[in-house]
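Student: Encoded as structure tokens, here's the structure I'll be asking about.
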Amino acid sequence: MNYIDSGLKVVGTRPIRPDGVDKVTGRAVFAADTRVAGMLWGKILRSPHAHARIVKIDTSKAEALPGVKSVCTAADFPDIPSEEAFVGEGPMNFRDLSLNIMARGKALYEGHAVAAVAATTPAIAGEALGLIDVQYEVLPFVIDVEDAMKDGAPILHDDMFTQGADPKPTKPSNIAKVVKFKKGDANAGFKDAEVIVEGRYTTKPVHQGYIEPHACLASYNADGQVNIHASSQGHFMIRAYTAKLLGIDMASIRVNPAEIGGGFGGKTLIYLEPVAVVLSRKAGKPVKIQMTREEVFRGSGPTSGAAIEVKIGAKKDGTIVAAQQVLKFQAGAFPGSPIGPGCMCGFALYDIPNVDVLGYDVVSNRPKVAAYRAPGAPITSFAVESLLDELADKLGIDPLALREKNAAKNDTKTHYGPTHQNIGFEAVLAATRSHPHWKTPVKPGQGRGLACGFWFNIGGESTATVHVNEDGSVTVATGSPDIGGSRASMGMMVAEVLGVDISRVRTTVADTASIGFTHLTGGSRVTFATGMAATQAAEKVRDDLKKRAAQIWEIPVDAVEWKDGKAYPAGSNAGAFEPLDLEAIALKAARTGGPINAEVSVNAQGAGAGFGAHICDVSVDKETGHVTIERYTAVQDVGKAIHPSYVEGQIQGGAAQGIGWALNEEYIYNDKGQLENPGFLDYRCPVASDVPMIEAVLVEVPNPRHPFGVRGVGEVPIVPPMAAIANAIRDAAGVRMPDLPMSPPRLRAALDQAG
Amino acid sequence: MAKQYVLTTINGETTEFLCETQQTMLDVLRDVVGLTGSKEGCASGDCGACSILVDGRLVCSCLMLGVEAEGKTITTVEGIAEGEKLHPVQQKFLEHAALQCGFCTPGFIVAAKALLDENPNPTETEARYWLAGNLCRCTGYDKIIRAVMDAAAEMRGETAR
């Protein structure tokens, strides 16, 4: 496929997004904003124990409370068998998902749902939770990933035997899976190396921290049809999971996509919808459930914390000859950490002949992890990019030069199989080298760090429709929830193809009954895959408009040319008729074949991988251990920026999340396995005064597999910040911080130790 | 316990409502009055998504009781624009693409208006500290701060950026 990169009139401009006014005036409807007549309020009872057998649940007192209309426990859900599926951004087992939304037999983490109620007011629902009597047999628990791997650790699942282990295990284990990737011969490579560096790094689980708590409104009707109104990264995902978990056919479930108040991967799972449907069925009324912030922290997925060991061998000139990595990822209470991408992404940036990577997916008594922006990649890259800094230091090479020397190029074969094609890493490094930030000397008292990052980006299934309305205006509908301005980018691509002004195009997100299947908004796939569907639908409409013009003029269709939003007679007929615009053709639609529209479904392949390089200047307050980010520049290959402001926004937002991950954010557990900081005051996301302006540098290396050269941009920016900041701290204060977060107490301790 | 009668002014309209004594102003706005523009992100005063003005003062409505609205003048995000005319802060948020998901946006609009009412010429640092009570997880704050600074300049009658 050839991408279009000349004569663009809409793509690459910065129009105001179509849903913007609703969102600055408070009119946009998010999941918790909907009310319907007769609605009940649902609330969920959660386990206070990190690990406990549920001996008995007595709900009779709660059911007797006036105003309580239904109560449910796991007994009200089908006990579904183990079934692996690949959905969203990672593997999923529907039995695990079912057990995660309502504990059956055992509570596996503090915050695990054990029962739910629906009542006429939130206050009554809250009171009813206190009347549910759950008898627990408290069990030993394990929180840390390496503790969970030890012999004799409390076992979460008696039926879990390590997959991929050789020999086949005979005893259950908390290690769900072992994964290995090999290229060349790492041992031989290290023998060949002139310099070897090694390091051990740890990261804490961090929450996606979307400001909108999970919420839904579900209505189970007497005829078995279900309506759900919810915010998520994919309403088709909600439909599929709810159907699967409750044994309802998909056609009987309609999910309306509410505006979504942030997701970052955390809303690629469900927690509430099946519970609300069961409560609604039992009560005969619609039920709304919204999580509190505390529930979001205790009950919904962060990304993994991890322990990572890395070893890199190089020649004196900086050529890396061997690399080795062992990664242990916390999965939370059920298998499914992003260990796969964790094993792939760290070394994917470099052309290394000999690579050996070993990864463990490990369960422990914590909330089940969910995807978080480039799942796994930030963790592995924190380790690799920190160690590369050590290598550069040891070799006396500039850290950027070390990356330039070893950068993956087109035709570089990765250690996990695929060969890179159409990548822009070298262009990113060149833009970094020539950037004023890199060229400006570091200010006295400050330090500078550099780190790079990679993400695959994904394509997949998407549907879009384009309608030319009776007045010639254009309506676009897709199945992709709009998290960060995708209505704008979809409308812009359609406007570009049709040659009309963006103000004539309106974009909506259609519900599950109104458009073809569309996969999640995640993996940086929407502008690529749904954009491809929208572009192709617009092309079909354009072809149809030409055909209609030919019909009106009674000339062959190949004698019609489409230019600037109008049909022109071409060739021997050139100038014979007045050009026809959309309005003129739409006016005669009934006489030329009826409504003008097209729906296109694609399974988009060829999502171009993305690369980024971040430069960060910091100062360190040696008395308090506080780090100030003085200057931050993020360079990234973005393919083609459809709406540059929203591309910059993705990069700036990802970098800021990375700054929080680097400096502040962590889950703090007490000795009972209970989370001690389940709120925004103590779980410290960056605020406006914590960060500087973040300069996003867009390097456009078009992806030839997309009609406008798009590649995903949302994931890469969260990959480099942790190492960039660690490297800057090393430069500023002379201490290497291998453990995240690099919070004031930790940095103070490291400075004290260094003397 | 019987509900309390409250007489107040919301977005310029005399408004009366009945509420439980323990109900927060945020719950009253959303569930009783039906103004859902103010959002609940934390219910503990940490995220600022429920920001409103009470007699011109910036308040987290989740930290205020509904009964405290008696006799007060309340402004919510729904009352910031004048009819069809957006407030400069709203217009600049759109122009600068200062929102992604839009969930924190109502709180930022109200807080930024309060800032510019009090300090028409803030420095970037002053704007960042004033808005430090509002969490945004999408934007990294860059475009939000630019939008607020640009709105301030426009309100001062400066056109140059």
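Chains as they are written, first to last, in this note's numbering: chain A, 1 to 755; chain B, 1001 to 1161. Every residue, glycine too, gets a C-beta built ideally from N, C-alpha and C.
On the three-state DSSP scale, how would you describe residue 1042 (chain B)?
Tutor: To locate residue 1042 (chain B), count along the second sequence from 1; it is residue 42. Looking at residue 1042 (chain B) - three-state DSSP - the assignment turns out to be coil, as it is neither helix nor strand.
Student: Pull the bridge partners of residue 1052 (chain B) from the DSSP assignment, please.
Tutor: In the second sequence, counting from the first residue as 1, residue 1052 (chain B) sits at position 52. Its beta-bridge partners are B:1059.
Student: Let me check understanding here. Comparing Cα to Cα, which of A:185, A:583, A:142 and A:208 lies closest to residue 670 (chain A)?
Tutor: Your numbering for residue 670 (chain A) matches position 670 in the first sequence. Comparing Cα-Cα distances from residue 670 (chain A) to each of A:185, A:583, A:142 and A:208, the minimum goes to A:142.
Student: Just tell me which of A:363, A:365 and A:345 has its CA closest to the CA of residue 356 (chain A).
Tutor: Start at 1 with the first residue of the first sequence, and residue 356 (chain A) comes out as number 356. Considering only alpha carbons, the answer is A:345.
Student: Is it true that the CB of residue 201 (chain A) sits closer than 8 Å to the CB of residue 308 (chain A)?
Tutor: Residue mapping note: residue 308 (chain A) aligns to position 308 of the first sequence, counting from 1. Residue mapping note: residue 201 (chain A) aligns to position 201 of the first sequence, counting from 1. Their beta carbons are under 8 Å apart, which means residue 308 (chain A) touches residue 201 (chain A) by this criterion.
Student: Please state if the CB of residue 341 (chain A) and the CB of residue 370 (chain A) are separated by a distance shorter than 8 Å.
Tutor: Walking along the first sequence from the start, residue 370 (chain A) turns up at place 370. Walking along the first sequence from the start, residue 341 (chain A) turns up at place 341. Result no, Cβ atoms of residue 370 (chain A) and residue 341 (chain A) do not sit closer than 8 Å.
Student: Could you spell out where the alpha helix (DSSP H) holding residue 428 (chain A) opens and where it closes?
Tutor: Numbered from its first residue, the first sequence carries residue 428 (chain A) at position 428. It spans 425–433 - the alpha helix (DSSP H) in which residue 428 (chain A) sits, taken as one unbroken run.
Student: Quick one: which chain B residues come within Cβ less than 7 Å of residue 691 (chain A)?
Tutor: To locate residue 691 (chain A), count along the first sequence from 1; it is residue 691. Those within 7 Å of residue 691 (chain A) in chain B are 1140 and 1141.
Student: Between the C-alpha atoms of residue 17 (chain A) and residue 1097 (chain B), what's the straight-line distance to the nearest angstrom?
Tutor: Residue numbering aside, residue 17 (chain A) sits at position 17 when the first sequence is read from its first letter. Residue numbering aside, residue 1097 (chain B) sits at position 97 when the second sequence is read from its first letter. Distance between the alpha carbons of residue 17 (chain A) and residue 1097 (chain B): 8 Å.
Student: In the DSSP assignment, find the alpha helix (DSSP H) that holds residue 439 (chain A) and state where it starts and stops.
Tutor: For the purposes of this step, residue 439 (chain A) is taken as residue 439 along the first sequence, with counting starting at 1. That run of the alpha helix (DSSP H) goes 436–439.
Student: Residue 1017 (chain B) touches chain A at which residues, Cβ-Cβ below 9 Å?
Tutor: Locating residue 1017 (chain B) in the second sequence gives position 17, counting from the first residue. Those do not exist, as residue 1017 (chain B) stays about 15 Å from chain A at its closest Cβ, beyond 9 Å.
Student: Kindly list the residues whose CB is nearer than 7 Å to the CB of residue 760 (chain A), restricted to its own chain and excluding five residues on each side of it in sequence; keep chain order.
Tutor: This structure gives no information on residue 760 (chain A), because the portion of chain A shown stretches from 1 to 755.
Student: Looking at C-beta atoms only, is the number of pairs between the segment 493–504 of chain A and the segment 23–34 of chain A that lie closer than 8 Å three or more?
Tutor: No: fewer than three Cβ pairs fall under 8 Å.
Student: Check whether the Cβ of residue 628 (chain A) lies closer than 8 Å to any Cβ atom in chain B.
Tutor: Position 628 of the first sequence holds residue 628 (chain A). Answer no: the Cβ-Cβ gap between residue 628 (chain A) and chain B never drops below 8 Å.
Student: Is residue 70 (chain A) helix, strand or coil when you go by DSSP?
Tutor: Here residue 70 (chain A) refers to the residue found at position 70 when the first sequence is read from its first residue. Strand at residue 70 (chain A).
Student: Whole-angstrom Cβ separation of residue 630 (chain A) and residue 620 (chain A), contact assumed at under 8 Å?
Tutor: Indexing the first sequence from 1 puts residue 630 (chain A) at position 630. Indexing the first sequence from 1 puts residue 620 (chain A) at position 620. So it is not a contact: roughly 11 Å between Cβ atoms.
Student: CA-CA distance, residue 398 (chain A) and residue 319 (chain A)?
Tutor: Within the first sequence, residue 398 (chain A) is the residue found at index 398, counting from 1. Within the first sequence, residue 319 (chain A) is the residue found at index 319, counting from 1. Straight-line Cα distance between these residues: approximately 13 Å.
Student: Using only the alpha-carbon positions, how far apart do residue 659 (chain A) and residue 448 (chain A) sit?
Tutor: Along the first sequence, read from residue 1 onward, the residue named residue 659 (chain A) stands at position 659. Along the first sequence, read from residue 1 onward, the residue named residue 448 (chain A) stands at position 448. Cα to Cα, residue 659 (chain A) sits roughly 15 Å from residue 448 (chain A).
Student: In three-state terms, what does DSSP make of residue 1101 (chain B)?
Tutor: As a position in the second sequence, residue 1101 (chain B) is number 101, starting the count at 1. Correct three-state label for residue 1101 (chain B): coil.
Student: Could you list which residues in chain A have their beta carbon closer than 9 Å to that of residue 1009 (chain B), in chain order?
Tutor: Within the second sequence, numbered from 1, the residue matching residue 1009 (chain B) stands at position 9. Chain A residues near residue 1009 (chain B): none, gap ~18 Å exceeds 9 Å.
Student: If we define contact as Cβ-Cβ less than 8 Å, is residue 292 (chain A) a contact residue for chain C?
Tutor: As a matter of chain content, chain C is missing from the structure shown, whose protein chains are A and B.
Student: In the DSSP output, which residue or residues are listed as bridge partners for residue 92 (chain A)?
Tutor: For the purposes of this step, residue 92 (chain A) is identified with residue 92 of the first sequence, where counting begins at 1. BP columns for residue 92 (chain A) point to A:85.
Student: The alpha helix (DSSP H) spanning residue 259 (chain A) covers which residue range?
Tutor: If you number the first sequence from 1, residue 259 (chain A) lands on position 259. Per DSSP, residue 259 (chain A) belongs to no alpha helix (DSSP H) and is neither H nor E.
Student: So which residues on chain B does residue 173 (chain A) lean against when the C-beta distance must stay under 7 Å?
Tutor: Position 173 of the first sequence, counting from 1, holds the residue named residue 173 (chain A). None at all; the shortest Cβ gap to chain B is about 36 Å.
Student: In chain A, which residues lie with their C-beta within 7 Å of the C-beta of residue 1051 (chain B)?
Tutor: Numbered from its first residue, the second sequence carries residue 1051 (chain B) at position 51. Within chain A, no residue comes near residue 1051 (chain B); the closest Cβ sits about 11 Å away, beyond 7 Å.
Student: Between residue 766 (chain A) and residue 535 (chain A), which are expected to be in contact by the criterion C-beta below 8 Å, what is the C-beta distance as a whole number of angstroms?
Tutor: In this structure chain A extends from 1 to 755, so residue 766 (chain A) is not present and cannot be described.
Student: Whose Cβ in chain A lies nearer than 7 Å to the Cβ of residue 1004 (chain B)?
Tutor: Here residue 1004 (chain B) refers to the residue found at position 4 when the second sequence is read from its first residue. Chain A residues near residue 1004 (chain B): none, gap ~15 Å exceeds 7 Å.
Student: Tell me whether residue 569 (chain A) sits in a helix, a strand or coil according to DSSP, three-state version.
Tutor: Here residue 569 (chain A) refers to the residue found at position 569 of the first sequence. Here residue 569 (chain A) sits in strand by DSSP.
Student: Along chain A, in chain order, which residues have C-beta atoms closer than 7 Å to that of residue 1128 (chain B)?
Tutor: As a first step, residue 1128 (chain B) is located in the second sequence; it is residue number 128 there, counting from the start. Residues of chain A passing the Cβ test: 688 and 689.
Student: From A:294, A:224, A:140 and A:161, pick the residue whose C-alpha is nearest to that of residue 790 (chain A); which is it?
Tutor: Nothing about residue 790 (chain A) can be read from this structure; chain A reaches only from 1 to 755.
Student: Residue 686 (chain A) to residue 310 (chain A), Cα distance in whole Å?
Tutor: Position 686 of the first sequence, counted from the start, is the residue given in the question as residue 686 (chain A). Position 310 of the first sequence, counted from the start, is the residue given in the question as residue 310 (chain A). Rounded to the nearest angstrom, the two C-alpha atoms are 29 Å apart.
Student: Give me, in chain order, the residues of the same chain whose beta-carbon lies closer than 8 Å to that of residue 588 (chain A); leave out the 5 immediate sequence neighbours on both sides.
Tutor: Numbered from 1 along the first sequence, position 588 holds the residue referred to as residue 588 (chain A). For residue 588 (chain A), where only same-chain residues beyond five positions count, the Cβ hits under 8 Å are 548 and 552.
Student: Which complete beta strand (DSSP E) runs does the segment 577–639 of chain A hold, if anything under 3 residues is left out?
Tutor: 596–604, 610–621 and 626–637, all fully within the segment 577–639 of chain A.
Student: Quick check: what's the CA-CA separation for residue 359 (chain A) versus residue 331 (chain A)?
Tutor: For the purposes of this step, residue 359 (chain A) is identified with residue 359 of the first sequence, where counting begins at 1. For the purposes of this step, residue 331 (chain A) is identified with residue 331 of the first sequence, where counting begins at 1. For residue 359 (chain A) and residue 331 (chain A), the distance between alpha carbons rounds to 12 Å.
Student: Rounded to whole angstroms, what's the CA-CA distance from residue 262 (chain A) to residue 110 (chain A)? Just pull it up for me.
Tutor: For this step, residue 262 (chain A) is matched to residue 262 along the first sequence. For this step, residue 110 (chain A) is matched to residue 110 along the first sequence. Approximately 24 Å, taken between the alpha carbons.
Student: Which of the three DSSP states is assigned to residue 45 (chain A) in this structure?
Tutor: Start at 1 with the first residue of the first sequence, and residue 45 (chain A) comes out as number 45. Correct three-state label for residue 45 (chain A): strand.
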